[in-house]
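Encoded as structure tokens, the structure appears first; notes follow it.
Numbering (the working numbering), first residue to last: 249 to 598.
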């Protein structure tokens with residue numbers, strides 16, 4: 249009898265010790281690696297939708313994030329958050345206690361890829377960034393951007409989404425595909441096109457397509473925020489009097505579409521036969537030539553009040569504006585001809 253009592257007491261002590269060890273492990277940081285990960289490499293764990301806690305624990309143990317399945321089960325019991333665990337891709341780049349791991353998953357702190365599209369990019373340029381971010385091939389993005397139906401409520405004439413993919417920084421899940429991203433970008437554009445902007449365009453008798461086309465030209469012509477309304481006024485004034493827009497970015501866009509642009513715009517290129525060539529064809533081009541940001545959309549909807557018809561680069565990111573051709577020619581002589589002549593002389597004297 250005494251022997252039985254001693255055995256029972258020993259089992260109680262051992263059980264208590266095991267429970268204490270398990271309880272201690274729940275609060276202790278895991279010393280990776282336990283699985284296939286190296287000590288300094290981040291562990292990536294995918295938790296598919298609908299999986300149970302045992303499967304989640306198995307994945308965390310296999311990745312070396314949690315010591316063992318029993319420790320995980322005890323941590324789940326201690327935390328009481330079994331039903332709060334969320335699906336997604338999780339990145340673990342430092343050792344964490346099991347409770348910290350559970351807290352991260354319960355909060356849904358999934359790993360995201362920040363992808364920035366600056367203002368003024370074309371679909372093809374955006375596609376290149378999509379591929380560089382490791383989200384998929386550029387061709388998949390280009391194909392998704394052909395889904396013009398996403399914008400037909402605003403622009404029934406659209407044949408693709410050029411100009412309607414809003415430039416911004418998007419926090420993307422690693423499994424985001426091109427179609428999903430394109431939908432997000434169109435939604436962001438729609439949100440940016442506020443009722444006030446639409447009303448301003450209507451007052452100026454601009455369709456949404458015309459508004460975005462003009463805004464894309466403004467976006468490509470200047471990166472200086474304070475200049476956008478003035479640049480927009482130049483093109484609005486030219487449209488009003490029937491003067492050709494003569495906008496270099498539209499010619500470049502036409503050349504790129506036909507695979508004929510090598511980074512240099514030559515005088516002969518200004519005669520290239522394309523409806524996007526605003527040197528040859530009057531009025532706005534058939535559609536946007538890039539993705540305008542909000543500031544350019546606002547400038548196109550509400551240009552500055554001016555009588556400017558010309559502008560030329562100062563070679564510092566800003567422009568000088570002129571009302572007459574004579575004044576413009578003087579500015580060209582000063583800021584282009586003389587400027588580059590002085591630079592050539594300076595380089596020759598070195």
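Quick reminder that beta carbons are idealized off the backbone N, C-alpha and C, glycines included. Values in this document were obtained by computation on a predicted structure and should not be read as measured data.
Problem set entry | Distance between residue 562 and residue 592 (C-alpha atoms, nearest Å) | 17 Å
Exercise. So residue 496 is in the alpha helix (DSSP H); what residue range does that whole segment cover?
Worked result: 496 to 505
For this session: Can you have a look at residue 467 and say buried or exposed, based on whether 16 or more other CB atoms are within 10 angstroms of its CB?
Result: buried
Exercise. In terms of DSSP beta bridges, what is residue 295 paired with?
Worked result: 336
For this session: Report buried or exposed for residue 565, applying the criterion of at least 16 other Cβ atoms within 10 angstroms of its Cβ.
Result: exposed
For this session: Compare the Cα-Cα distances from residue 493 to each of 530, 398, 516 and report the closest residue.
Result: 530
For this session: Apply the 10 Å Cβ neighbour rule to residue 449 and answer buried if 16 or more other Cβ atoms are within range, or exposed otherwise.
Result: buried
Exercise. Using the rule of at least 16 other Cβ atoms within 10 Å of the residue's Cβ for burial, across every protein chain shown, is residue 429 buried or exposed?
Worked result: buried
Problem set entry | residue 406 beta carbon less than 8 Å from that of residue 396 | yes
Problem set entry | Exposure label - residue 284; buried when at least 16 CB within 10 Å | In this predicted model, residue 284 has a pLDDT of only 45, less than 50, meaning its place in the structure is not dependable; the value taken from the coordinates is given anyway. Under this definition residue 284 is an exposed residue.
Problem set entry | Any 3 or more C-beta pairs closer than 8 Å across the stretch 531 to 545 and the stretch 351 to 367 | yes
For this session: For residue 506, count neighbouring C-beta atoms within 10 Å of its own C-beta (all shown protein chains included) and say buried if the count is 16 or more, exposed if not.
Result: exposed
Problem set entry | For residue 421, the first and last residue of its enclosing beta strand (DSSP E) | 417 to 421
Exercise. What's the gap between the Cα of residue 269 and the Cα of residue 324?
Worked result: With a pLDDT of 48 at residue 269, under the threshold of 50, the predicted position of this residue should be treated as unreliable, and no value is reported.
Exercise. Who are the near neighbours of residue 377 in its chain, counting only those whose CB is closer than 7 Å to its CB and skipping five residues on each side?
Worked result: 363, 365
Exercise. Hey, is the stretch 577 to 584 in contact with the stretch 477 to 494, meaning 3+ C-beta pairs nearer than 8 Å?
Worked result: no
Exercise. With a Cβ-Cβ cutoff of 8 Å, do residue 496 and residue 422 count as a contact?
Worked result: no
For this session: Return helix, strand or coil for residue 578, following the three-state DSSP convention.
Result: helix
Exercise. In chain order, what residues of the same chain have a beta carbon less than 6 Å from the beta carbon of residue 550, not counting five sequence neighbours either side?
Worked result: 448
For this session: Give the straight-line distance between the Cα atoms of residue 444 and residue 540, rounded to the nearest whole angstrom.
Result: 17 Å
For this session: Check the C-beta distance from residue 557 over to residue 486 and give it rounded, since I have them as a contact under 8 Å.
Result: 6 Å
Exercise. So, helix, strand or coil for residue 455, using DSSP?
Worked result: coil
Exercise. Where residue 576 and residue 568 are concerned, what is the direct C-alpha to C-alpha distance, given to the nearest angstrom?
Worked result: 9 Å
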